[in-house]
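S.K.:
Encoded structure:
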């Protein structure tokens with residue numbers, strides 16, 4: 021399926037700060053993986069599309085895409101059948117937390133970062149939780 025290579029190519033553009041190209045590739049990837057029924061890759065691509073929108077300065081779209089990804093994750097994937105279930109949830113919530121921070125929504129950001137640590141504390145490697153831990157430091161009122 022072409023959705024996976026498009027999503028991976030978009031990751032490169034995200035890292036380089038080429039948000040317009042990342043958005044274009046991710047929209048194509050989302051369309052293709054939805055047609056193919058790959059829920060995991062669809063949620064992964066949607067949350068990365070949220071990151072691209074954030075990079076382009078569109079925080080409301082970013083937050084919306086992260087919520088779509090989280091909804092797919094929670095409603096259509098299972099930790100019993102998806103080996104990367106926890107990792108994907110942690111990735112989505114971390115990205116959503118960073119989008120909330122960028123929008124000045126500190127309380128909501130803290131909730132997402134804390135959810136990563138609370139839900140996955142014993143099941144996820146410490147370095148994978150580092151972005152959430154960092155997000156909780158010095159971010160305003162608790």
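Numbering (my numbering), first residue to last: 21 to 162. In this text, a Cβ means the ideal position worked out from N, Cα and C, and glycines have one as well.
Short of 6 angstroms in beta carbon distance, which residues of its chain neighbour residue 162, apart from the five on each side in sequence? Order them along the chain.
M.R.: Only weak support exists for where residue 162 lies, its pLDDT of 44 falling under 50; the value from the coordinates is given anyway. Hits under 6 angstroms: none found.
S.K.: Nearest to residue 40 by alpha carbon, out of 106, 116, 75 and 66?
M.R.: 75
S.K.: Starting from the C-beta of residue 35, find all residues in its chain whose C-beta is less than 8 angstroms away, skip the five residues before and the five after it, and write them out in chain order.
M.R.: Same-chain partners within the cutoff: there are none.
S.K.: Helix or strand or just coil, what does DSSP make of residue 37?
M.R.: coil
S.K.: Where does residue 25 sit, in a helix, a strand or coil, going by DSSP?
M.R.: helix
S.K.: If we count the other Cβ atoms within 10 Å of its Cβ and call it buried at 16 or more, is residue 67 buried or exposed?
M.R.: buried
S.K.: So what does DSSP say about residue 157, is it helix, strand or coil?
M.R.: Reduced to three states, the DSSP call for residue 157 is coil.
S.K.: Residues in its own chain within less than 6 angstroms of residue 21 by CB, not counting five upstream and five downstream?
M.R.: 56
S.K.: On the criterion of 16 or more Cβ atoms from any shown chain inside 10 Å, does residue 32 qualify as buried, or is it exposed?
M.R.: That one is exposed.
S.K.: For my contact list, residue 110 and residue 126 are in at a C-beta cut-off of 8 angstroms; report their separation, rounded to the angstrom.
M.R.: Between residue 126 and residue 110 the Cβ distance is about 20 angstroms, and since that is not below 8 angstroms, they are no contact.
S.K.: Under 8 angstroms, do residue 155 and residue 116 count as touching if we go by C-beta distance?
M.R.: no
S.K.: When the Cα atoms are used, what is the spatial distance from residue 71 to residue 82?
M.R.: In this structure, the CA atom of residue 71 is about 6 angstroms from the CA atom of residue 82.
S.K.: Which residue wins for smallest C-alpha separation from residue 63, given the options 123, 105, 130 and 77?
M.R.: Residue 63 has its Cα closest to that of 105, out of 123, 105, 130 and 77.
S.K.: Whole angstroms are fine: how far does the CA of residue 60 sit from the CA of residue 23?
M.R.: 12 angstroms
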